[in-house]
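Here the structure comes first, spelled out in structure tokens, and everything after it is commentary.
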Amino acid sequence: MAADYGKLTGNICRFYDFTNKVVLVVGAGRRQLLDPRIRTKKLIAIDRDAEALRELEKNLAADGKQGSVELVAANFEEVTLPGDVVYFEFCLHETADPYKALVHAKSLAPDIVVFDHLPGSDWAFYAAEEDKVRHSAEAMERFGVRRRETFRTEQRFLEYAELLAKVSVQGAIATQRAQRFAGATNIVIPMGYELVLL
1 MAADYGKLTG NICRFYDFTN KVVLVVGAGR RQLLDPRIRT KKLIAIDRDA EALRELEKNL
61 AADGKQGSVE LVAANFEEVT LPGDVVYFEF CLHETADPYK ALVHAKSLAP DIVVFDHLPG
121 SDWAFYAAEE DKVRHSAEAM ERFGVRRRET FRTEQRFLEY AELLAKVSVQ GAIATQRAQR
181 FAGATNIVIP MGYELVLL
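Residues 1 to 198 in our numbering are what the sequence shown spells out, letter by letter.
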């Protein structure tokens with residue numbers, strides 16, 4: 001198991017009240033941390049990866065929640081659906097221009113919640129995302145932070161092959177950095193993350 005998803009889900013649910021709100025979830029494909037038991041007015045899952053959305057749809061169906069979420073396969077910048085809150089889940093740092101994404105989010109909803117890696121996180125380094133994370137954190141500061149909480153957890157891997165499978169999708173630099181754990185077992189990498197209300 002990598003990160004403790006239950007802990008991450010608990011953090012977001014305590015940080016912001018999504019109850020009875022129209023929530024636009026950006027980067028929603030595959031797994032989402034927003035607790036499905038929260039009674040939102042409407043949940044709109046947005047991801048540019050149509051395959052990831054199909055996987056999310058299968059997961060929702062397996063949980064008996066098909067039809068409870070509207071799936072939108074599109075780049076976030078193309079979305080014009082209004083809501084009460086735009087929620088970026090570990091994806092703001094992946095956008096080409098985080099500040100522009102935040103400006104667009106504000107045109108869709110009065111609240112923006114960002115759940116993402118913390119600058120300086122060991123995990124962001126091993127995933128070769130430290131520059132992207134720093135860039136998105138700077139964009140949030142420029143945009144104007146209303147509230148922020150920081151957290152620490154760990155990414156855990158039983159063996160090197162499991163870690164390598166997780167980071168190899170990030171490219172050659174992440175793969176190279178992971179080599180320091182070659183042959184290791186019970187690998188623990190600290191992960192800092194934050195929740196930000198804009």
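Where is the CB? At the ideal position from N, CA and C, for every residue including glycine.
Computed from a predicted structure; not experimentally measured.
Asked: For Leu71, which three-state DSSP category applies?; Found: strand
Asked: For Gln155, list the residues DSSP reports as bridge partners.; Found: Ile189
Asked: Which runs of the alpha helix (DSSP H) spanning at least 4 residues fall entirely within the segment 87 to 119, listed in chain order?; Found: 98 to 108
Asked: Just how far apart, CA to CA, sit Met1 and Ala45?; Found: Reliability of the predicted coordinates at Met1 is poor, the pLDDT of 43 falling under 50, and the value obtained from them is presented with this limitation in mind. When rounded, the distance between both Cα atoms is 25 Å.
Asked: Flag this pair as yes or no: are the beta carbons of Asp84 and Val23 separated by less than 8 Å?; Found: yes
Asked: Which word fits Ser121, buried or exposed, when buried means at least 16 other C-beta atoms lie within 10 angstroms of its C-beta?; Found: buried
Asked: Going straight from the alpha carbon of Val188 to that of Val196, what length do you get?; Found: 26 Å
Asked: If the criterion is Cβ atoms closer than 8 Å, does the pair His93 and Val133 meet it?; Found: yes
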